[in-house]
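In the working numbering, the protein residues as written are 1032 to 1612. Where a beta carbon is used, it is the ideal one built from N, C-alpha and C, also for glycine.
As structure tokens, then:
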């Protein structure tokens, strides 16, 4: 426009070669570095040191994709998709009914073959088409922005080897997997199994051993980057068996998997901890949690989840975010460079196994076997009101029928923990621990009591667990919980279940006092203790208000004002407790 105004003529068109896009951020960063060097050598330091250096830093940190995204889906969905693909290709009409060995055989057959299963003439279900489109979209994004945009595919409820092979086959059908097994095949996104329940954690080692023993799988994973993430879940295992058993099973699975992958050539294992905000879902201080990992399981890298409810606490400002990241890096370096003694005393391991068994039995006997416990939970906590909130990515319960939703077995782990936290019991974070230590101590009073104290001094895993349970109990309030108990419509059930909970509460409090040597909670962390106490004058009234509002709502006063009040108290209590989600 300036040229036209000054001369009345347009600029000449110049023959320019077609632009060639950068293949990856590294190429772009390299060219920018050349420009930066030239500027600095020709008196352009100011320009190079400001805008250009900031651009180079952004490219190195964010690439072309800004942030890496994980994909995640349940294994049963993959099974349905593969079943349809095989039916559509007229290769197998009853895949779901096959044995595990038969499933592996047919999956490997087509992973090694060039044949595609997708048929243009078959009428696939909406679910199947939706899942295939997700994989196809992932391929387009990777082609456009590079492999860093989507790197991992997490398989929820991994229970068998076929659960892993199914995802590989769907990748092959959607073009994400290049080639065929046995012919330098490469996955577009790394398959990450998630072992969640106690049973699955115990099977994790054998599943991965069998997976890597299959012909061509080790080569496939090497060609796909040579990094195997395995995600270990705390939430479902805690809901299955209580806080100690959950942590202990994750601890054992970590050791077994690390030992297994020492014999897998060309593939590096990285453990991925699916931690929640509550202690019952693996939450607690990250620094201590990383140091509490088994010896030789961190080795310079660790991956963990940060819940949405926790992100605002840890990354709300640049200063807080920097401190949170420094904490994670420091703990990872310390666990790697100054590891705990590799040889954990056999007495400690044996004691933990017994404590876990005692705790699991006490937990199951109450939570899953005690008559009226489910009725008590669904009526004495705000679980029903929480389900009305649009704050989660999934329903509170898995099945759709009302009868099935009223079973604890079918409840998802997040609302389970969240509801107990609202009622100020935080039961998943401590229940069963008192009975477990009591029964263990009674086996040999003098010896085992001394052993427990020694474990609390010398073993970081046990130290961290004791500290977390102590923190949970410091935030809980049995008196306020009694008010929630009165929301249960059956007084007899309310009294019976609450009495059992209080009995276990007193046992656990006594166990913590014995180990810490103090009647005060958080005696080893006075700053945190003071912080928790300062919240009570604001937190406690919210609980009393919530009980009254829930009573009104359930009595038929279902107006918007009461509903909004309940939602506000839920948010306020969660903010005050902090370890939620």
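The residue from 1470, 1539, 1480 and 1479 with its alpha-carbon nearest to that of residue 1499 is 1539. With a cutoff of 8 Å on beta-carbon distance, residue 1279 and residue 1375 are scored as not near each other.
Residue pairing of residue 1224 in beta bridges, as defined by DSSP: 1186.
Judged by DSSP in its simplified three-state form, residue 1348 adopts coil rather than helix or strand. For residue 1117, same chain residues with a beta-carbon under 6 Å away, outside a window of 5 residues either side, are 1123 and 1126 in chain order. In the DSSP annotation of this structure, residue 1437 is not part of any beta strand (DSSP E), being labelled neither H nor E.
Secondary structure of residue 1329 (DSSP, three-state): coil. Under the three-state reduction of DSSP, residue 1595 is assigned to helix. DSSP, reduced to helix, strand and coil, places residue 1101 within a strand of the structure shown.
Rounded to whole angstroms, residue 1262 and residue 1064 show a C-alpha spacing of 38 Å. Per DSSP, reduced to three states, the secondary structure at residue 1303 is strand.
Taking a C-beta distance under 8 Å as the contact criterion, residue 1176 and residue 1096 qualify as a contact pair.
By the Cβ rule, the stretch 1335–1348 does not count as touching the stretch 1281–1295, because fewer than three pairs are nearer than 8 Å.
Residue 1221 is a Cβ neighbour of residue 1255, given a cutoff of 8 Å. Contact annotation: residue 1180 and residue 1099 have beta-carbon atoms nearer than 8 Å. Shown here, residue 1473 sits in a helix according to DSSP, grouped into three states.
Here the alpha carbons of residue 1563 and residue 1504 stand approximately 11 Å from one another. Here residue 1217 carries a strand assignment [DSSP, helix/strand/coil].
In the structure shown, residue 1201 adopts helical secondary structure according to DSSP, grouped into three states. DSSP, read as helix, strand or coil, puts residue 1264 in strand. In the three-state scheme derived from DSSP, where H, G and I count as helix and E and B as strand, residue 1456 is classed as coil.
Look at residue 1509 here: in three-state DSSP terms it is helix. The alpha-carbon separation between residue 1276 and residue 1174 amounts to approximately 44 Å.
Annotated three-state conformation of residue 1293 is coil, per DSSP. Within 10 angstroms of the beta-carbon of residue 1041 lie fewer than 16 other beta-carbons, which makes it exposed. In its chain, beyond the 5 residues on either side, 1411, 1412, 1454 and 1578 have a beta carbon closer than 7 Å to the beta carbon of residue 1515. Collapsing the DSSP output to three states places residue 1253 in a helix. Note: residue 1034 is not bridge-paired with any residue in the DSSP secondary-structure output. Distance from the CA atom of residue 1544 to the CA atom of residue 1400, rounded to whole angstroms, is 29 Å.
In this chain, the alpha helix (DSSP H) harbouring residue 1140 covers 1131–1142. Between residue 1326 and residue 1287, the C-beta spacing is not below 8 Å.
Residue 1299 sits away from residue 1333, with the two beta carbons spaced by 8 Å or more.
In terms of CA proximity to residue 1466, 1395 leads the group 1404, 1395, 1481 and 1090. Within the same chain, 1099, 1220 and 1221 come within 7 Å of residue 1182 by CB-CB distance, once the 5 residues on both sides are set aside. Excluding residues up to 5 positions away in sequence, 1265, 1266, 1313, 1314, 1336, 1338, 1444, 1445, 1448 and 1612 lie with their Cβ nearer than 8 Å to the Cβ of residue 1307 in the same chain. Bridge partners of residue 1181 according to DSSP: 1100.
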